[in-house]
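So the protein sequences, as listed, match chains U and Y.
Just so we're aligned: the first sequence equals residues 1 to 289 in our numbering.
Just so we're aligned: the second sequence equals residues 290 to 578 in our numbering.
There are 2 protein chains.
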Amino acid sequence: MAKNEGSDEARSGKLLDELRVPPGPVDLSKWDSRATTGFSGSKDEGKVALDELGPKISDYQERLYAEGRTDGQRSILLVLQGMDTSGKGGVIRHGAGLMDPQGLRITSFKAPTPAEKRRGFLWRIKQALPEAGYIGIFDRSHYEDVLIARVRNLVAPPVWNRRYGQINEFEAELGESGITVVKCFLHISADEQRARLDARLDDPTKHWKYNPSDVDERELWPAYSEAYQGALENCNTPEAPWYVIPSDRKWYRNWAVTSLLLETLQNLDPQWPKADFDVDGEKARLAAT
Amino acid sequence: MAKNEGSDEARSGKLLDELRVPPGPVDLSKWDSRATTGFSGSKDEGKVALDELGPKISDYQERLYAEGRTDGQRSILLVLQGMDTSGKGGVIRHGAGLMDPQGLRITSFKAPTPAEKRRGFLWRIKQALPEAGYIGIFDRSHYEDVLIARVRNLVAPPVWNRRYGQINEFEAELGESGITVVKCFLHISADEQRARLDARLDDPTKHWKYNPSDVDERELWPAYSEAYQGALENCNTPEAPWYVIPSDRKWYRNWAVTSLLLETLQNLDPQWPKADFDVDGEKARLAAT
Numbered sequence: 001m002a003k004n005e006g007s008d009e010a011r012s013g014k015l016l017d018e019l020r021v022p023p024g025p026v027d028l029s030k031w032d033s034r035a036t037t038g039f040s041g042s043k044d045e046g047k048v049a050l051d052e053l054g055p056k057i058s059d060y061q062e063r064l065y066a067e068g069r070t071d072g073q074r075s076i077l078l079v080l081q082g083m084d085t086s087g088k089g090g091v092i093r094h095g096a097g098l099m100d101p102q103g104l105r106i107t108s109f110k111a112p113t114p115a116e117k118r119r120g121f122l123w124r125i126k127q128a129l130p131e132a133g134y135i136g137i138f139d140r141s142h143y144e145d146v147l148i149a150r151v152r153n154l155v156a157p158p159v160w161n162r163r164y165g166q167i168n169e170f171e172a173e174l175g176e177s178g179i180t181v182v183k184c185f186l187h188i189s190a191d192e193q194r195a196r197l198d199a200r201l202d203d204p205t206k207h208w209k210y211n212p213s214d215v216d217e218r219e220l221w222p223a224y225s226e227a228y229q230g231a232l233e234n235c236n237t238p239e240a241p242w243y244v245i246p247s248d249r250k251w252y253r254n255w256a257v258t259s260l261l262l263e264t265l266q267n268l269d270p271q272w273p274k275a276d277f278d279v280d281g282e283k284a285r286l287a288a289t
Numbered sequence: 290m291a292k293n294e295g296s297d298e299a300r301s302g303k304l305l306d307e308l309r310v311p312p313g314p315v316d317l318s319k320w321d322s323r324a325t326t327g328f329s330g331s332k333d334e335g336k337v338a339l340d341e342l343g344p345k346i347s348d349y350q351e352r353l354y355a356e357g358r359t360d361g362q363r364s365i366l367l368v369l370q371g372m373d374t375s376g377k378g379g380v381i382r383h384g385a386g387l388m389d390p391q392g393l394r395i396t397s398f399k400a401p402t403p404a405e406k407r408r409g410f411l412w413r414i415k416q417a418l419p420e421a422g423y424i425g426i427f428d429r430s431h432y433e434d435v436l437i438a439r440v441r442n443l444v445a446p447p448v449w450n451r452r453y454g455q456i457n458e459f460e461a462e463l464g465e466s467g468i469t470v471v472k473c474f475l476h477i478s479a480d481e482q483r484a485r486l487d488a489r490l491d492d493p494t495k496h497w498k499y500n501p502s503d504v505d506e507r508e509l510w511p512a513y514s515e516a517y518q519g520a521l522e523n524c525n526t527p528e529a530p531w532y533v534i535p536s537d538r539k540w541y542r543n544w545a546v547t548s549l550l551l552e553t554l555q556n557l558d559p560q561w562p563k564a565d566f567d568v569d570g571e572k573a574r575l576a577a578t
């Protein structure tokens, strides 16, 4: 689809460039989880900035949706990964919540069932891919199959090792079929996680979000960090790059992921479909009713 | 689940009472499509009132969701029906859009495929029912099988006539399985529809929403009105009542449907689940990490 040369939107993709993981080895300890990359204001200003993205991103979303209702084949897939309490749900609530829910396809992946496992780890992922015009959001994803599967020894090392290549092939196919993949690792510090779990325990309205296994998983923090680094190193392709989102500040995390989505939409630059009928003729037919 | 006696919310279900279709014959010409039943303010005040429902309905939605993540079995199904341009999509965008998209299950029903038809008209509907804790929203529904199917003679009269009873049985089962059904007919006048279709033709960013068949359907307005009256008369049970939403004013329609949803949530009165673990013990375990 041709670029809209008259558009008044900047399409520099600035934050996409700044948060993108460069090719090569990844050392998460070198990424500051409290950073506010690309945003110079305060927390309150960050919340206002997020709200201000609402009308803009809704407009682009509707254009993508409209394109998909006619002859367009494009869609977006936002993959959210991160340690417990990193805010995958919060991003969906506060960021995706700015958009029209009709154009979203949100899937939350839990432990696979036996029936799902038998079909290979990518099968259930493919079932949940967004159709043309939709923005798909994965709360966890096929990356769990090289994260918890690795840390918890759910499969042997040769199996999870082979999956990196399988994931890269799969994500390249997505790109070819018109799905733009945006993968965000919500990066929090171990101290921040302790504070958030503690806050859940202090608040009876948040007890349902807490599970004693959260502490078991937390005790494996170094192993999970290593597994994340493996995924970010081995599955960081030009077609499906990784972004590290500093997530110790919730307001920044929400603003940053939403901004990445907006920039992705701006790069796609979907246009309102042209009428495939005679507008004046239809006006006359309508007037006669 | 016990009622929360300390709640400061009124649970009179006032609008649910006012907009509910009384049992017996239905004559849509007696329902004013420009009414603003239950709301005395202006258009601008109506928009503010809608926004103000946001935090309240989000809170109830999260409680229902939390209940569903533990041992709760309850959910809500909002069925939206109405003539073309009556605003089914607008209600979802502006009303449901106030809620967390993670807790919504939105399904838009188009003409059934041959494979769907072979399984009976309720099969695809059952596939899309909301799981425990979710709010399901149907943009069109099984009612199309007694509306367009009747008007367009897609099936013989004995077939669509039999479907009223099948629908009533199905909806009674939904109630028994914990799904509260709220069925809204978005009521617009024929003049209002002409104005809305005309506005779509005048706006190139809305051409994708227009289809010449919209005028063909419009020419069958009286037959559709009769079919709607049949559905509202024959499928108006205490378990799954119909509400007529005056919808010539978009702002009122959005406020009214969202208010019905809020009142339904208030009647369900979901409570935050209690911890099934030792909170102090977990705080100690966490502190040790």
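Note that CB positions come from ideal geometry on N, CA and C, so glycine has one too.
Check	Outcome
Identified DSSP bridge partners for residue 335 of chain Y	Its beta-bridge partners do not exist; DSSP assigns none.
Per-residue DSSP class, three states only, for residue 293 of chain Y	With a pLDDT of 41 at residue 293 of chain Y, under the threshold of 50, the modelled position of that residue is not reliable, and the figure given next carries that caveat. It is coil, neither helix nor strand.
Backbone secondary structure at residue 84 of chain U - three-state DSSP	coil
Closer than 8 Å to chain Y by CB, residue 274 of chain U	yes
Residue 14 of chain U versus U:276, U:279, U:256, residue with shortest Cα-Cα distance	U:256
Residue 410 of chain Y vs residue 452 of chain Y beta-carbon contact at 8 Å	yes
Between the CA atoms of residue 212 of chain U and residue 488 of chain Y - distance to the nearest angstrom	57 Å
Span of the beta strand (DSSP E), counted from its first residue to its last, around residue 206 of chain U	Premise fails: residue 206 of chain U is in no beta strand (DSSP E) and is neither H nor E.
Complete alpha helix (DSSP H) runs within the segment 392–445 of chain Y (minimum length 4 residues, chain order)	403–407, 412–416, 437–440
Chain U within 8 Å of residue 382 of chain Y, Cβ atoms only	yes
For residue 283 of chain U, the first and last residue of its enclosing beta strand (DSSP E)	Note, residue 283 of chain U: premise wrong, no beta strand (DSSP E); alpha helix (DSSP H) at 279–287.
First through last residue of the alpha helix (DSSP H) which encompasses residue 546 of chain Y	539–557
Residue 513 of chain Y vs residue 436 of chain Y beta-carbon contact at 8 Å	yes
Where the alpha helix (DSSP H) through residue 535 of chain Y begins and ends	Unbroken run through residue 535 of chain Y is the beta strand (DSSP E), 531–535; no alpha helix (DSSP H).
Counted within 10 angstroms of its Cβ, other Cβ atoms place residue 543 of chain Y as buried (16 or more) or exposed	buried
Residue 277 of chain U at chain Y interface by Cβ criterion, 8 Å	yes
Whole-angstrom distance between residue 108 of chain U and residue 145 of chain U, CA atom to CA atom	14 Å
Partners in chain Y for residue 223 of chain U, counting only beta-carbon separations shorter than 9 Å	Here the premise fails: no neighbours, minimum Cβ distance about 14 Å.
Beta-carbon gap between residue 529 of chain Y and residue 467 of chain Y smaller than 8 Å	no
Residues of the segment 59–71 of chain U whose Cβ lies closer than 7 Å to any Cβ of chain Y, in chain order	66, 69, 70
Residue 119 of chain U CB to nearest heavy atom of the ligand NAP below 7 Å	The model on display carries no ligand, and the ligand NAP is accordingly not part of it.
Member of U:172, U:111, U:26 whose CA lies at the smallest distance from the CA of residue 233 of chain U	U:26
Cα-Cα separation between residue 143 of chain U and residue 503 of chain Y, rounded to whole angstroms	45 Å
Test item: CB-CB of residue 567 of chain Y and residue 481 of chain Y under 8 Å	no
Straight-line Cα distance separating residue 243 of chain U from residue 32 of chain U	13 Å
Proximity of residue 356 of chain Y and residue 562 of chain Y at Cβ, strictly below 8 Å	yes
Supposed contact pair residue 554 of chain Y and residue 391 of chain Y - C-beta distance, whole angstroms, cut 8 Å	Actually they do not touch by this definition, with Cβ atoms about 16 Å apart.
Below-8 Å beta-carbon distance, residue 269 of chain U vs any chain Y residue	no
Length of the line joining the Cα atoms of residue 226 of chain U and residue 525 of chain Y	59 Å
Which of helix, strand or coil DSSP assigns to residue 58 of chain U	helix
Coil, strand or helix - residue 64 of chain U by DSSP	helix
Residues that DSSP places opposite residue 473 of chain Y in a beta bridge	Y:369, Y:532
Where the alpha helix (DSSP H) through residue 362 of chain Y begins and ends	Note, residue 362 of chain Y: premise wrong, no alpha helix (DSSP H); not H, not E.
Through-space distance from residue 405 of chain Y to residue 126 of chain U, alpha-carbon basis	21 Å
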